[in-house]
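Numbering (this note's numbering), first residue to last: 6 to 512.
Cβ coordinates follow ideal geometry from the N, Cα and C atoms, glycine included.
Since this is a predicted model, take the numbers as computed values, not measurements.
The structure under discussion appears below in the form of structure tokens.
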Ligand SMILES: Cc1cc2nc3c(=O)[nH]c(=O)nc-3n(C[C@H](O)[C@H](O)[C@H](O)COP(=O)(O)OP(=O)(O)OC[C@H]3O[C@@H](n4cnc5c(N)ncnc54)[C@H](O)[C@@H]3O)c2cc1C
């Protein structure tokens, strides 16, 4: 049976490249394709009603970036506002990028991709998507699949099942499914969690709620500072052009981040001391920092949320918010009973307990009819996978802005596509070299390096990594920014199919 966009002869709509997702990475992909591969046809399929990804689906109060927008924004489009931005500001910036570069014509909204099937015989991906309005199935084919679908399941946050939840008479809200009409003015709120999301929800709700309690099992590191960047302010005072302000500020931020990251690994105790001193300054000497703000892990092994102008801590110091560090025993009719025996009464419980990580947007992949389990593959630099032809995945940085990697990968993919075209290759897939064959294989991320719970929960479904840099997502922007543009596309890692000449590994 043909689907609505197939021809009578059963031919699906075809594009050279199909991008999955219109978040910050998918839009970067479209921008680079237009500029660097002008003859390449492409489409973006997006499940939601609009662009923005994370910044479109997250609607909880106070939602904002914790990265600065000079580096979370694109290198090619100056960011002119304060560095930490709200979701609305990020969406408006992305809207300008789409408009200025005429990218809207490439995006098809309300298209959720369900399956992706590669056929060696056809040298194509066959993509089946469901259309939101009608629920009908539509089919596309493409030569190259560019996965920009992020790393977690949108609209389905992670809420651990707790005893007694069904008995609770108040409202439970997850930041990924925020009820648009939730009125919290004058209410008692408990926010479960203490990550970046909790750090934004707590001060925002505390403005009008009767009281907000942040309930955490264990503490998190935070950095505090002004929502401003001194060098950008100075350059603007000197009336320097915004494009220059953006570039210079980006370089300064990246330089400072590199220094901070090095320091976290070289002298973690000193960094810990400095981070806790910031909190002590805001909460005063009598506050129990040891219990509530001293994590068990070392700095940067989990994301460190930036708290602009210390708003979370100011709310606590003013008595509008408080922190409880304890374990949940069960929900009750009126709130939450803790293992210590205390009970927190709440009209509203916000479960800022993280998200469910997924791999490749929950799309069922097959290769020549066989189901593909990405855990059976080894990653090439965290963006391609052994045995998987014509596919690149954008998985950004945790210790630097995600977008820096979206752009590095975008430039690489365009270079690869142009190289394939120039050399008559119809497909490419990375494969272990002879010298890599006995390489030890590990889970996606080294636990000593980065270990949040959502990642630990997903290791069994993520691709594996080897013990050499080429076979890892190194999380190291400062080296990758030089390594990626220098990748030799005829390295024996890349196996090309060049029909006119027979299969060749390298020429
Ligand atoms: C609350 C929150 C705050 C964050 N703050 C920061 C920050 O400050 N700095 C930072 O660097 N990172 C941050 N991150 C990480 C963040 O997700 C990334 O930075 C970035 O926004 C990801 O962009 P993306 O385009 O790669 O993916 P996403 O933003 O996840 O967008 C992916 C898009 O793909 C679509 N999609 C997924 N599956 C399918 C499918 N099967 N079919 C069709 N479409 C599909 C989705 O609908 C979505 O629109 C944050 C994450 C969260 C959850």
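| query | result |
| --- | --- |
| Range covered by the alpha helix (DSSP H) that runs through residue 252 | 247-271 |
| Distance cut-off 8 Å: residue 94 Cβ against heavy atoms of ligand 1 | no |
| Stretch pair the segment 217-230 + the segment 238-248: three plus CB contacts closer than 8 Å | no |
| Selection from 274, 423, 464, 182 that minimises the alpha carbon distance to residue 447 | 464 |
| Ligand 1 heavy atom lying under 8 Å from the CB of residue 367 | yes |
| Inter-residue CB distance, residue 379 and residue 390 (contact presumed, cutoff 8 Å) | 7 Å |
| Buried or exposed by the 16-neighbour rule on C-beta atoms within 10 Å, applied to residue 513 | Residue 513 lies beyond the stretch modelled for the chain, which goes from 6 to 512, so this question has no answer here. |
| Terminal residues of the beta strand (DSSP E) in which residue 216 lies | 216-221 |
| Segment limits, alpha helix (DSSP H) that includes residue 210 | 201-211 |
| Reduced DSSP secondary structure (H/G/I, E/B, other) of residue 241 | helix |
| Inter-residue spacing [alpha-carbon to alpha-carbon] between residue 498 and residue 229 | 44 Å |
| Buried versus exposed call for residue 243 [16 or more other C-beta atoms within 10 Å across all chains shown] | exposed |
| C-beta atoms of residue 64 and residue 180 nearer than 9 Å | yes |
| Exposed unless 16 or more other CB atoms sit within 10 angstroms - verdict on residue 191 | exposed |
| Pair within 9 Å by beta-carbon distance, residue 50 and residue 145 | yes |
| Three or more C-beta pairs below 8 Å linking the segment 126-143 and the segment 27-38 | no |
| N- and C-terminal bounds of the alpha helix (DSSP H) containing residue 298 | 294-298 |
| Nonlocal neighbours in the same chain, by C-beta distance under 8 Å from residue 508, ignoring five residues either side | Because the pLDDT of residue 508 is 47, which lies under 50, any placement of that residue in the model is unreliable, and the number read from its coordinates should be weighed accordingly. If we look at residue 508 and ignore the five residues flanking it on each side, its Cβ neighbours are 500, 501, 502. |
| Selected residue, minimal CA-CA separation from residue 198, among 54, 186, 21, 327 | 327 |
| Contact test: residue 116 Cβ vs ligand 1 heavy atom, cutoff 8 Å | yes |
| The segment 328-340 contacting the segment 434-451, beta-carbon criterion three pairs below 8 Å | no |
| Endpoints, beta strand (DSSP E) assigned at residue 341 | 340-343 |
| Residue ranges of each alpha helix (DSSP H) within the segment 455-483, 4 or longer | 458-463 |
| DSSP beta-bridge partners of residue 375 | 372 |
| Same chain, Cβ closer than 7 Å to residue 468, five either side skipped, listed in chain order | 379, 380, 382, 383, 384, 390, 449 |
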